[in-house]
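J.: A single structure is presented below for examination.
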Amino acid sequence: MSDSLDAYLILAGILFAIGSFGFLARRNAISMLMSIELMLNAVNLVIVAFGAFIPELGAQGSVIALMVIAVAAAEATVGLAIVIAIFRNKKTPLVDEYDAMSQ
Amino acid sequence: MARKLAPIILALAVMGAVAGVAAIMLVLLGQDWEDALFWILAAVMLGSGLLVVTMRDIIRCGLAMIVCFGALAGIYVILGAPLIAAAQVIVYIGAISVLILFAIMLTQTKAAPSRLVFQTQAVPAAISAGVIAIVLALTVGATDWGEVPERIRLATNALSQVLFTDFVLAFEIVSVLLLAAVVGGVFLAKREPGGPS
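Protein chains in written order, with our numbering: chain A, 9 to 111; chain X, 243 to 439.
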């Protein structure tokens with residue numbers, strides 16, 4: 009099994025589905041950010057798996073995966089800073105109480 | 243009590259099922275150890291991923307996320323990409339997890355975990371996530387990707403050669419992006435003098 013590309017792709021697909029469920033269903037803003045991290049990791053696994061099984065890609069798969077990791081770090085920094093800034097104003101981490109734009 | 247334990251039991255059941263499949267493969271079908279390691283790491287990764295999205299206590303969600311990232315680093319090693327695994331450990335387990343745990347400690351109030359964890363659309367979200375997983379699995383099964391039947395192990399030398407010749411512009415742009423993200427994060431999270439405390 010560990011020598012077939014399909015196993016890695018299906019594994020990444022299930023992880024992506026778990027992340028999307030968490031993003032849609034959780035009420036806590038930080039839980040939603042953690043679910044986004046899960047989805048980013050699933051996509052990264054797909055990229056590395058393609059790089060490891062398709063010889064035409066060479067080293068490009070791993071390079072793109074490194075770039076994705078760096079961009080994910082930047083995304084986590086800004087996202088958590090935004091959550092902390094909102095929490096300072098609204099005093100709650102629950103996203104369904106962020107309703108200032110609907111009033 | 244039962245509601246508290248339900249997510250943990252669910253995740254343990256998934257992990258046990260996959261680990262049982264691995265054990266049966268080892269004993270009955272005579273697979274090698276690399277396959278068994280792949281199955282065990284996949285089981286740990288999916289089980290802790292389920293714990294991340296279902297547990298009540300958000301600190302425990304963060305800790306389960308660290309386990310999930312560690313198992314994924316192991317899968318990168320099996321795939322023959324040790325440098326990506328090292329970057330995964332340093333960036334995700336080392337940096338992002340600590341950032342998320344600090345943000346959890348800064349933002350959680352006492353009342354938050356005792357109330358509802360899920361939105362009202364949790365059941366449609368679960369159904370749509372299942373549909374996504376099934377569609378992705380069917381697509382993967384139906385497509386011929388043109389892959390070779392064995393993994394290509396990439397030397398770190400070759401990877402760094404490509405990174406610092408062909409992709410050097412992207413490398414520099416990512417470093418500038420990281421600098422901008424750090425400055426933006428500090429600016430957004432900074433407490434303004436005279437503002438709301």
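Positions of the beta carbon are idealized from the N, C-alpha and C atoms, including for glycine.
1) Taking the alpha helix (DSSP H) that ASP14 (chain A) belongs to, which residues open and close that run?
2) Residues of chain A with CB closer than 8 Å to the CB of MET347 (chain X), please, in chain order.
3) For a contact defined as C-beta to C-beta under 8 Å, what are the partners of ILE266 (chain X) on chain A?
4) If I follow the unbroken alpha helix (DSSP H) through LEU74 (chain A), where does it start and stop?
5) For LEU283 (chain X), which residues of its own chain have a beta-carbon under 6 Å away from its beta-carbon, when the five flanking residues on both sides are left out?
6) Is there at least one Cβ from chain X nearer than 8 Å to GLU131 (chain A)'s Cβ?
7) Is it the case that the Cβ atoms of ALA329 (chain X) and ILE22 (chain A) are separated by a distance below 8 Å?
8) At a CB-CB cut-off below 8 Å, which residues of chain X make contact with ALA57 (chain A)?
9) Please list, in chain order, the residues of the segment 403 to 415 of chain X that have any C-beta partner in chain A closer than 7 Å.
10) Quick check on LEU396 (chain X): does DSSP put it in helix, strand or coil?
11) Can you tell me which residues form a DSSP beta bridge with PHE360 (chain X)?
12) Report the partner residues of LEU102 (chain A) according to the DSSP bridge assignment.
13) Quick one: Cα of PHE406 (chain X) to Cα of ALA412 (chain X), how far?
14) Run down chain A in chain order and give the residues with a C-beta less than 8 Å from the C-beta of VAL340 (chain X).
15) Excluding five sequence neighbours on each side, which residues of the same chain lie with their C-beta closer than 8 Å to the C-beta of GLY427 (chain X)?
16) Within the 8 Å Cβ cut-off, does ARG393 (chain X) reach chain A?
17) Run through DSSP, which three-state label would SER439 (chain X) get?
18) Once the 5 residues before and after PHE95 (chain A) are set aside, which same chain residues still bring their CB inside 7 Å of it?
19) Under the three-state reduction of DSSP, which class applies to VAL390 (chain X): helix, strand or coil?
20) Which chain X residues are close to SER28 (chain A), counting only those with a beta carbon under 7 Å from its beta carbon?
T.: Let me spell this out:
1) It spans 13 to 33 - the alpha helix (DSSP H) in which ASP14 (chain A) sits, taken as one unbroken run.
2) Counting only Cβ-Cβ distances below 8 Å, MET347 (chain X) has no contacts in chain A at all, with the closest Cβ about 10 Å away.
3) Neighbours of ILE266 (chain X) in chain A, taken as residues at a C-beta separation under 8 Å, are lacking, since the least C-beta distance is about 13 Å.
4) Secondary structure note for LEU74 (chain A): its alpha helix (DSSP H) is the uninterrupted segment 68 to 98.
5) Around LEU283 (chain X): ALA313, GLY316, ILE317.
6) The displayed coordinates of chain A run from 9 to 111. Any statement about residue 131 (chain A) would go beyond what the structure contains.
7) Contact flag unset, no.
8) Chain X residues near ALA57 (chain A): LEU321.
9) Within the segment 403 to 415 of chain X, the residues whose Cβ lies closer than 7 Å to some Cβ of chain A are VAL404, LEU405, PHE409, ALA412, listed in chain order.
10) Three-state result, LEU396 (chain X): coil.
11) According to DSSP, PHE360 (chain X) bridges with A:ARG34.
12) According to DSSP, LEU102 (chain A) bridges with A:ASN36.
13) Distance between PHE406 (chain X) and ALA412 (chain X), taken at the CA atoms: about 9 Å.
14) Residues of chain A passing the Cβ test: none, with the nearest at roughly 11 Å.
15) Contacts found: none.
16) Yes, ARG393 (chain X) counts as interfacial toward chain A.
17) A caution first: SER439 (chain X) carries a pLDDT of 49, below 50, which makes its placement in the model unreliable, though a value can still be read off. Coil, per DSSP.
18) Closer than 7 Å at the Cβ level, and outside the excluded window around PHE95 (chain A), lie PRO101.
19) In this structure, VAL390 (chain X) counts as coil in the three-state DSSP scheme.
20) Neighbours of SER28 (chain A) across chain X, judged by C-beta separation under 7 Å: ALA371, ILE374.
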